[in-house]
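The opening residue of the sequence shown carries number 17 in the numbering used here; numbering runs sequentially from there.
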Amino acid sequence: MSAHDDLPLFAWRPPKCAVLPFPSRRRVAKIRQTADTLMGASTEKQIDRYRQQIFDGIENAFLRVGFDEETARRERQAFVEAVENEIRRRTYGGWRSQPDEGAS
Numbered sequence: 017m018s019a020h021d022d023l024p025l026f027a028w029r030p031p032k033c034a035v036l037p038f039p040s041r042r043r044v045a046k047i048r049q050t051a052d053t054l055m056g057a058s059t060e061k062q063i064d065r066y067r068q069q070i071f072d073g074i075e076n077a078f079l080r081v082g083f084d085e086e087t088a089r090r091e092r093q094a095f096v097e098a099v100e101n102e103i104r105r106r107t108y109g110g111w112r113s114q115p116d117e118g119a120s
């Protein structure tokens, strides 16, 4: 045992770190592009194929870079919900179309 073994510097270990995913629900451009494509599809088959391709791709991207399955599924679901909200927002124009609608 040398005289340097008890120095704090030699006992130091790098801290463990956690990698946090960029939230899927914040990928605004991808959400809007996906909503555009889904709204422009002419058949149910096209919609289903595109949804599967995009949503599976989101999940697989997280798995490829090393995230666990739970995180990948959670981020996929967040993206799905964000796309559905964007479609709903475009379809219905928000919760009311006129600022004073319904006011009497």
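Just so you know, even glycine gets a beta-carbon here, dropped at the ideal spot from N, CA and C.
Indicate whether at least one CB of chain B lies closer than 8 Å to the CB of I63. Of the protein chains in the structure, only one exists, and it is not chain B.
Return the CA-CA distance between R48 and V99, expressed in angstroms with no decimal places. 7 Å
Can the beta-carbon of E91 be found closer than 8 Å to that of I70? no
Could you compute how far the alpha carbon of S104 sits from the alpha carbon of T50? One detail in the question is off: residue 104 reads as Arg in this sequence, not Ser. Rounded to the nearest angstrom, the two C-alpha atoms are 13 Å apart.
Mapping DSSP to helix, strand and coil, what is A88? Residue state, collapsed to three classes: helix.
So is S58 buried or exposed if we call it buried at 16+ other beta carbons inside 10 Å? exposed
Using the beta-carbon count (16 or more within 10 Å), is E85 buried or exposed? exposed
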